[in-house]
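K.L.:
Residue numbers (UniProt numbering): 1 to 114.
Please find one structure pasted underneath; my questions will follow.
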């Protein structure tokens with residue numbers, strides 16, 4: 001039998017810090033991240049509602065109430081952090097915009113893929 005995602009300890013193979021963040025974001029304790037919870041979790045990234053919807057369309061389970069499982073949530077967070085770090089390396093003026101070539105873009109993405 002599978003352990004409850006809120007048993008207090010991270011499941012085997014899951015980073016305890018990532019699991020703790022998942023539990024913090026999963027405010028309704030459903031074991032999944034809802035649309036509302038995802039938007040709240042990603043507030044610090046200053047993303048548009050359209051981008052949050054894109055993440056849900058890409059990673060959520062297909063259902064009337066789309067939600068994201070633990071492993072997919074961790075994957076999203078790791079990818080966002082990695083790509084944000086890559087963007088910040090290029091955004092030396094800290095203005096939120098960068099100008100880069102297509103090859104620089106591809107290099108940035110490929111070297112950061114997890």
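Even glycine gets a Cβ: it sits at the ideal position worked out from N, Cα and C.
No experiment lies behind these values; they were computed from the predicted model shown.
Using 10 angstroms around the beta-carbon of residue 20, count the other beta-carbons present and answer buried if the total reaches 16, otherwise exposed.
P.N.:
Its Cβ having fewer than 16 others within 10 Å, residue 20 is exposed.
K.L.:
Starting from residue 34, follow its DSSP beta bridges and name the residues at the other end.
P.N.:
In the DSSP output, where bridge partners are listed per residue, residue 34 has 67.
K.L.:
Within 10 Å of its beta-carbon, does residue 45 have 16 or more other beta-carbons around it, so buried, or fewer, so exposed?
P.N.:
It counts as exposed.
K.L.:
Scan the segment 39 to 113 and note each continuous alpha helix (DSSP H) run of 4 residues or more that stays entirely inside, going in chain order.
P.N.:
If we require 4 residues or more, the alpha helix (DSSP H) runs fully inside the segment 39 to 113 come out as 49 to 59, 70 to 90 and 102 to 112.
K.L.:
For residue 16, report the span of its alpha helix (DSSP H) as first-last.
P.N.:
Taken as a continuous stretch (DSSP letters only), the alpha helix (DSSP H) holding residue 16 covers 16 to 25.
K.L.:
What residue from 36, 113 and 23 has the CA that sits closest to residue 81's CA?
P.N.:
Checked all of 36, 113 and 23; the closest Cα to residue 81 is 113.
K.L.:
Check whether the Cβ atoms of residue 28 and residue 37 sit closer than 9 Å, and answer yes or no.
P.N.:
Yes. Within cutoff.
K.L.:
Figure out for me which residue from 60, 26, 70 and 55 has the closest Cα to the Cα of residue 13.
P.N.:
Here the closest residue by C-alpha is 70.
K.L.:
At the level of alpha carbons, what is the spacing between residue 65 and residue 40?
P.N.:
Whole-angstrom Cα-Cα distance: 17 Å.
K.L.:
Please go through the same chain and pick out, in chain order, the residues whose beta-carbon is closer than 7 Å to the beta-carbon of residue 75, but skip the five residues on each side of it.
P.N.:
Once the five neighbours on either side are set aside, residue 75 has no close Cβ partner at all.
K.L.:
On the criterion of 16 or more Cβ atoms from any shown chain inside 10 Å, does residue 4 qualify as buried, or is it exposed?
P.N.:
Confidence at residue 4 is low in this model, with a pLDDT of 44, below 50, so its placement is unreliable and no value can be given for it.
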